[in-house]
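Student: Residue numbers (the numbering used here): 6 to 156.
No residue lacks a Cβ here, since even glycine has one placed at the ideal position from N, Cα and C.
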Amino acid sequence: MRKTYRITCPRAIIESFKRVALDRHPRETYAVFFGRIDNHSAEIKDIWYPEDQWMFATASGVETVAGRPAWWQKAMDIAESEGLEMIGDIHSHPETDPARLEDPSPSYHDWQSYRGPRWIRAICVVCKRPRSVRYRVTFWPPLARTSVRYV
6 MRKTYRITCP RAIIESFKRV ALDRHPRETY AVFFGRIDNH SAEIKDIWYP EDQWMFATAS
66 GVETVAGRPA WWQKAMDIAE SEGLEMIGDI HSHPETDPAR LEDPSPSYHD WQSYRGPRWI
126 RAICVVCKRP RSVRYRVTFW PPLARTSVRY V
């Protein structure tokens, strides 16, 4: 039987991300998680927002460390200086339709930028309406290595 993967994240980090994502709505927002990770759990300790991400964000996509070598290097430098690891990322899905809160799953593009078996991912759906704002944050644990054999 497989043990449940445990992700621990300070509520303040997520609340901070929600505020930034709402401020940047209707463009997507992106940030990197720092902490500790192993085969059974991840503990998020800090978050970093690339300063120039607004140049690479639209309503339907945002660049990640996978596609921006300068961001990758900066994130690695931050992790090293704090004695932590770069363990995952979070990005927003800006919406205006409340029905989209029901499906916070990663898009095809999200999976294309997934960093592999030691990487957690989170998506924050931000549904902004004229008189209200609602959020839904969902985390995905690292993907197990998979081997496919067609017979």
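Between K1 and G88, what straight-line distance do the alpha-carbon atoms span, to the nearest angstrom?
Tutor: Residue 1 is absent from the model: the chain starts at 6 and stops at 156.
Student: Hey, out of V131, Y54, W116 and K8, whose CA is closest to E100's CA?
Tutor: It is V131.
Student: Check for me: the alpha helix (DSSP H) holding A71 runs from which residue to which?
Tutor: Counting along the chain, A71 falls outside any alpha helix (DSSP H), and DSSP gives it neither H nor E.
Student: Nearest to D102 by CA position, among R29, D82, R139 and W76, is which residue?
Tutor: Looking at the Cα atoms, R139 is the closest of the given residues.
Student: Nearest-angstrom Cα distance between G40 and E90?
Tutor: Cα to Cα, G40 sits roughly 5 Å from E90.
Student: Mapping the DSSP letters down to three states, classify Y113 as helix, strand or coil.
Tutor: Reduced to three states, the DSSP call for Y113 is helix.
Student: Quick one: what does DSSP say E100 is sitting in, helix, strand or coil?
Tutor: Strand, per DSSP.
Student: Could you name the residues of the same chain whose beta carbon sits closer than 8 Å to that of I92, not counting the 5 residues immediately before and after it, in chain order?
Tutor: Correct list, in chain order: F38, F39, G40, R41, I42, A47, I49, R123, W124 and I125.
Student: Using a Cβ-Cβ cutoff of less than 8 Å, which residues in the same chain neighbour R105 once the five nearest sequence positions on both sides are dropped?
Tutor: Answer for R105: H98, V130 and C132, listed in chain order.
Student: Could you tell me whether the Cβ atoms of G66 and H30 are closer together than 8 Å?
Tutor: Result no, Cβ atoms of G66 and H30 do not sit closer than 8 Å.
Student: Nearest by alpha-carbon distance to E107: which of K79, T143, A62 and D94 is it?
Tutor: The shortest Cα separation from E107 among K79, T143, A62 and D94 belongs to T143.
Student: Please classify E33 as buried or exposed, where buried requires at least 16 other C-beta atoms within 10 Å of its C-beta.
Tutor: Its Cβ being crowded by 16 or more others within 10 Å, E33 is buried.
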